[in-house]
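Numbering (our numbering), first residue to last: 36 to 326.
By construction, the Cβ of each residue, glycine as well, lies at the ideal position given by its N, Cα and C atoms.
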């Protein structure tokens with residue numbers, strides 16, 4: 036799916052599943068698996084690039100640089116986590132312009148204060164709904180193309196309850212958001228209520244976090260409920276962290292990769308995955324003299 040078709044695709048009842056990625060390698064692996072869109076996860080970047088939790092430590096420029104590297108590698112739509120826009124409405128505008136130029140197809144903004152926290156961590160605090168509405172209007176004004184979608188996320192379920200989250204999301208839709216994201220509903224009843232109240236306003240996004248506050252469902256189940264965009268943002272980082280932990284322990288214990296070899300690519304296999312033969316062949320084309 037080209038980056039210009041995401042808006043059209045979200046009108047389809049079949050949900051778009053966007054796995055979390057954090058660099059160009061995870062992006063190309065996810066693309067090869069057949070996904071239609073990818074989610075550039077701020078949490079996964081914090082985990083892998085900084086070795087730190089998702090508490091607002093990743094900067095706007097670090098995110099933009101990462102998005103640009105991913106966009107250079109894959110053509111799929113990129114849904115990009117912009118945290119709370121890295122400041123006020125003017126900061127939001129700079130963030131939107133920078134992320135859009137880097138290759139973002141959709142930009143997710145949340146209504147937390149600075150510093151933010153992962154949506155499934157406790158102790159969050161929010162800005163006012165009016166301030167967030169202004170930030171959404173600023174984002175809409177700043178984008179160069181209407182094909183760049185603005186996702187409005189509210190974390191109010193954790194701080195003020197479901198009804199407050201629904202009220203905020205409705206205000207955000209009126210302010211110009213293209214997609215609504217009510218973060219961390221506690222059960223399927225709350226999820227059904229989100230769809231019932233907001234489903235006619237905008238496409239709805241759901242977030243699946245293993246061990247988080249929201250019950251885990253398949254993208255198909257969420258599509259049947261009425262969600263149109265389903266993200267699995269940190270799953271890849273958790274999977275790779277577990278694998279890496281096992282790998283390093285094995286190497287430390289055995290002094291060799293041999294016991295772990297059936298769980299890893301060898302040199303030739305990895306080069307095939309990342310396209311080394313094709314790139315070398317392309318380079319040779321430019322070395323040849325033209326007639």
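Contact set for residue i: own chain, Cβ-Cβ below 6 angstroms, skip 5 residues either direction
{"i": "residue 252", "result": "none"}
{"i": "residue 203", "result": "164, 189 and 191"}
{"i": "residue 254", "result": "50, 52 and 265"}
{"i": "residue 213", "result": "184 and 185"}
{"i": "residue 295", "result": "282 and 285"}
{"i": "residue 132", "result": "177"}
{"i": "residue 167", "result": "146"}
{"i": "residue 197", "result": "225"}
{"i": "residue 59", "result": "104, 105 and 108"}
{"i": "residue 199", "result": "191"}
Residue environment, residue i, which counts as buried when at least 16 other CB atoms sit within 10 Å
{"i": "residue 135", "result": "buried"}
{"i": "residue 299", "result": "exposed"}
{"i": "residue 150", "result": "exposed"}
{"i": "residue 70", "result": "buried"}
{"i": "residue 217", "result": "buried"}
{"i": "residue 141", "result": "buried"}
{"i": "residue 145", "result": "buried"}
{"i": "residue 96", "result": "exposed"}
{"i": "residue 130", "result": "buried"}
{"i": "residue 178", "result": "buried"}
{"i": "residue 308", "result": "exposed"}
{"i": "residue 249", "result": "buried"}
{"i": "residue 220", "result": "buried"}
{"i": "residue 57", "result": "buried"}
{"i": "residue 155", "result": "buried"}
{"i": "residue 143", "result": "buried"}
{"i": "residue 242", "result": "buried"}
{"i": "residue 223", "result": "exposed"}
Proximal residues to residue i (C-beta, below 8 angstroms), its chain only, five neighbours per side dropped
{"i": "residue 157", "result": "193"}
{"i": "residue 85", "result": "92 and 93"}
{"i": "residue 306", "result": "312"}
{"i": "residue 81", "result": "87, 88, 89, 90, 92 and 93"}
Identified DSSP bridge partners for residue i
{"i": "residue 145", "result": "188"}
{"i": "residue 74", "result": "55 and 114"}
{"i": "residue 265", "result": "52 and 241"}
{"i": "residue 216", "result": "188"}
{"i": "residue 161", "result": "147"}
Residues of its chain near residue i, where Cβ-Cβ distance is below 7 angstroms and the 5 sequence neighbours each way are ignored
{"i": "residue 234", "result": "261"}
{"i": "residue 236", "result": "205, 208 and 215"}
{"i": "residue 161", "result": "146, 147, 148, 190, 191 and 194"}
{"i": "residue 227", "result": "260"}
{"i": "residue 124", "result": "169, 170 and 173"}
{"i": "residue 303", "result": "none"}
Nearest-angstrom beta carbon gap, residue j and residue i [assumed within contact, 8 angstroms]
{"i": "residue 107", "j": "residue 77", "result": "In fact, because the Cβ distance is near 20 angstroms, the residues do not count as touching under 8 angstroms."}
{"i": "residue 113", "j": "residue 139", "result": "5 angstroms"}
{"i": "residue 67", "j": "residue 54", "result": "Actually they do not touch by this definition, with Cβ atoms about 12 angstroms apart."}
{"i": "residue 272", "j": "residue 79", "result": "4 angstroms"}
{"i": "residue 239", "j": "residue 230", "result": "6 angstroms"}
{"i": "residue 109", "j": "residue 75", "result": "Their Cβ separation, rounded to whole angstroms, is 11 angstroms, which puts residue 109 and residue 75 out of contact at 8 angstroms."}
{"i": "residue 246", "j": "residue 170", "result": "That belief does not hold up - the Cβ atoms of residue 246 and residue 170 are roughly 30 angstroms apart, past 8 angstroms."}
{"i": "residue 258", "j": "residue 48", "result": "7 angstroms"}
Cβ-heavy atom distance, residue i to the ligand MN, below 6 angstroms
{"i": "residue 282", "result": "Ligands are entirely absent from the displayed structure, and the ligand MN is therefore not among its contents."}
Three-pair Cβ contact test at 8 angstroms for the segment 87-107 versus the segment 162-177: Not touching, per the Cβ criterion.
The segment 280-298 touching the segment 77-90, judged by at least three CB pairs closer than 8 angstroms: Result no; under three Cβ-Cβ pairs closer than 8 angstroms.
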